[in-house]
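Notes follow the structure.
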Amino acid sequence: MYLIDKEVKEMDFHAYWDYRVALDLFLGGVGIGVFLLAAYFSLVFKEKSLKVTRLGFILAPVLVGLGVFALLTELGKPFRMLSTFINVNPTSVTSWGGFLQTIFIMLSFVIFLVVWKYKQNAYQMGLFKGLVIAGSVFALAVGIYHGLLLMSLGVPGWANGLIPVMFLVSSILSGSSVLMVVEAVFMRSIITRSKEAYSETAVSSDAQVFTYSKLLVSLVGIQALLILTWRISINSAGTEAIIAYQNLISHFGVYWWILVVTIGLVIPLAIAGYSTLKKIKMNFYTAMAFTAIVLIGSYAFKHIILYSGQIPLAGL
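According to the working numbering, the sequence shown is numbered sequentially starting from 141.
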């Protein structure tokens, strides 16, 4: 994202929230996406999903934690986060973040430790199921919080009800893609020879089989529809919202259409859609490329939304 940051430095405004906040939104989003898919595996496929869920449950809190660390470096005073737990304002969305992310990280680590200690037996424990459900609730809360924080500030470029939903879907899409590749690399479930098919069946039971392509094409399609709906809704959202979108296009238009729309949506939709319709399986390198472009698109989306919302509205 160096080119985007260079573009920002050449502008005549100061972005109070820089790329480190974007990293928090991005890494935290990937983390909750990884967790939610791992949670689904653990509840539906139980002990058959031991290896992939164990990976997901340890990767999720690490990613969210890295995002929080990036945020603290941006604040400049890491211990300021402690004030969130002392000076609590229940009506402030900002105050929710510290609690939600901390509780989520703790729950994720506890779940990982339970799986690590009890292995297959963990999936038969009522306590484990309760922890996974609670973790999923907090994962969704963190995912929604990322977009809700921006929306709650009343900034024209962020004051749209679809922002939290788009952020959440982007997070689930990127997290699911990462878990697909992590599983492949660490579990050797993807054949490394590019000419051979990659077995997308992550886990299965006697009656159910999960394939990544169907999930990913659905998520990319939903995100594309959400962004289209968001764009259309701007026309009836008032003058300030229209000017805010014009700022986005005038300052970041090239990056938006190339990184977010083309690389982040169109190409992934074509890859996953083709695999699903033709019932053919991605090879290892295609899966890696798919994940890479999804991550690029997800980060660019959150980065551009974050920065463009801070551009002053000319004439107002």
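The beta carbon of each residue, even a glycine, is placed where N, CA and C say it ideally should be.
Using 8 Å as the threshold, is the C-beta distance between residue i and residue j below it?
i	j	result
S182	V272	yes
G173	S316	yes
I411	T431	no
L399	I436	yes
L240	L313	no
L289	G237	yes
S296	A381	It is Pro, not Ser, that sits at residue 296 in the sequence shown. Yes. Within cutoff.
I444	W397	no
Q363	W157	no
I407	I383	no
V321	M422	no
Assuming the contact rule is C-beta atoms closer than 8 Å, residue i and residue j should be a hit. Round their C-beta distance to whole Å, please.
i	j	result
L163	A200	Rounded, the Cβ-Cβ distance is 16 Å, inconsistent with contact.
V170	V318	6 Å
L388	S448	4 Å
L446	L165	7 Å
S373	L302	7 Å
A281	F175	Going by Cβ atoms, the distance from A281 to F175 rounds to 12 Å, so no, they are not a contact pair.
F424	A324	6 Å
W256	R194	7 Å
Buried or exposed for residue i, please, with buried defined as at least 16 other CB atoms from any protein chain shown within 10 angstroms of its CB.
i	result
R371	exposed
P452	exposed
S438	buried
K259	exposed
S376	exposed
S390	exposed
I420	exposed
V394	exposed
Quick check on residue i: does DSSP put it in helix, strand or coil?
i	result
T341	Because the pLDDT of T341 is 45, which lies under 50, any placement of that residue in the model is unreliable, and the question is left without a value.
Practice task
Report yes or no: do the segment 180-197 and the segment 259-271 share at least 3 C-beta pairs separated by less than 8 Å?
Solution key: yes
Problem - Stretch-stretch touch, CB-based, cutoff 8 Å, three pairs: the segment 301-312 with the segment 358-372 - result: yes
Exercise for the section: Say whether the segment 201-208 touches the segment 234-251, bearing in mind that this needs 3 or more beta-carbon pairs closer than 8 Å, one atom from each stretch. Expected result: yes
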